[in-house]
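Enquirer:
Numbering (full-length UniProt numbering), first residue to last: 1 to 362.
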């Protein structure tokens, strides 16, 4: 596939537009899969008549908040462990459904969102969903900020229904923010960001995920300190449950409660090591090292144990992952990724999603 990438810089007061209308029809499926890949592996819905993927994204940054108007035809999304590890996105996606319907499975929880609803997705968790022709207005919120404001409950797949007053308030807030064209002061930017989180947290107070209790403040503080320590010490072969118990002077039971949703701290350490190894194995811009060496440097005592764990998490062996490297290396900044496939345009006073014809295509 040969698709021209836009490598030019875009000004912060410009919108970035990506659309399948920009490329030849025969290239559109591959183009849209690549453009949307930080979020999903996108494919046509099996049995669809056309088998085509169509879509458009108009992204802008307002008051430090990234907003995106997206239109699409009927398509299937899969956010698996490979995409999660590759993208590195540690945010909540908050999407106002402007048209169409989303049906799917959010980490074993049924998900249905219709026009006017607001759907919340945790981008560190898996998702499989089908969408009908329509569109969304979405924003990304750092996971730690919204999690703290909502008591660290599981928000993945939560839907705020259209008829609820708070849903309508959040929608109006995002639409109003999306329509701004003037620059804001630093104090105003902080107020905008804090207000959005506060409104969302208030709307979610009565929608706790079934079976998930709010963590106590001490458990929240411990959890964050332990996660920071784990991330700094992933290559330390001594990193283990016992080391963390000694380092933080906590009981095994207290540590388990703080990480009960994750299946325990040992699983967190293993999964984060596997994610780091996956990124190295699939990188295209460096000289590859042997699988055994990567396994050892990421805390695994044997290549065979590493390979089994890798397959359980990602659904393929390390050697297969290396052969199936993504065609483009990771771009750490989402705006830069979108610029590979689109272009910057001067900001209008009111943003209109591009590619409207996709909303009626199937």
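Ideal Cβ placement from N, Cα and C applies to all residues, glycine included.
In angstroms with no decimal places, state the Cα-to-Cα distance between residue 51 and residue 28.
Expert: 11 Å
Enquirer: Please report how far the alpha carbon of residue 232 lies from the alpha carbon of residue 242, in whole angstroms.
Expert: 17 Å
Enquirer: Decide yes or no for the touch test of the region 113–131 against the region 93–102: beta carbon pairs closer than 8 Å, at least 3 of them.
Expert: yes
Enquirer: Compute the beta-carbon to beta-carbon distance between residue 17 and residue 58, rounded to the nearest angstrom, for a pair I have assumed lies under 8 Å.
Expert: 5 Å
Enquirer: Counting Cβ pairs closer than 8 Å, one from the region 151–164 and one from the region 61–77, do we hit at least three?
Expert: no
Enquirer: Would you mind working out which of 135, 132, 133 and 105 sits nearest residue 121, comparing C-alpha positions?
Expert: The closest CA to that of residue 121, considering only 135, 132, 133 and 105, is found on 105.
Enquirer: Assuming residue 230 and residue 272 make a contact with CB atoms under 8 Å, what is their CB distance in whole Å?
Expert: 6 Å
Enquirer: Return the chain-ordered ranges of every alpha helix (DSSP H) run that is complete within the region 40–78 and spans a minimum of 4 residues.
Expert: none
Enquirer: Have a look at 336, 138, 252 and 178 and flag the residue whose alpha-carbon is nearest the alpha-carbon of residue 63.
Expert: 178
Enquirer: Helix, strand or coil, according to DSSP, for residue 113 in the structure here?
Expert: strand
Enquirer: Counting only the same chain and skipping the five closest in sequence on each side, list residues whose C-beta sits under 7 Å from that of residue 270.
Expert: Listed in chain order, the non-local C-beta contacts of residue 270 below 7 Å within the same chain comprise 309, local neighbours out to five positions each way being set aside.
Enquirer: Within a Cβ cutoff of 7 Å, which residues of the same chain sit near residue 303, ignoring the five residues on either side of it in sequence?
Expert: Residues of the same chain with a CB within less than 7 Å of the CB of residue 303, apart from the 5 flanking positions on each side, are 291, 292 and 295 in chain order.
Enquirer: For residue 91, does the count of other Cβ atoms within 10 angstroms reach 16, so buried, or fall short, so exposed?
Expert: buried
Enquirer: With DSSP collapsed to three states, give me the class of residue 89.
Expert: Coil at residue 89, not helix or strand.
Enquirer: Opposite residue 128 in the DSSP bridges: which residues?
Expert: 78 and 105
Enquirer: Counting C-beta neighbours from all protein chains within 10 Å, is the total for residue 198 16 or more, i.e. buried, or is it exposed?
Expert: exposed
Enquirer: In angstroms, rounded to a whole number, what distance separates the CA positions of residue 205 and residue 56?
Expert: 33 Å
Enquirer: Can you give me the Cβ contacts of residue 171 inside the same chain, cut-off strictly under 6 Å, excluding the 5 residues immediately before and after it?
Expert: 96
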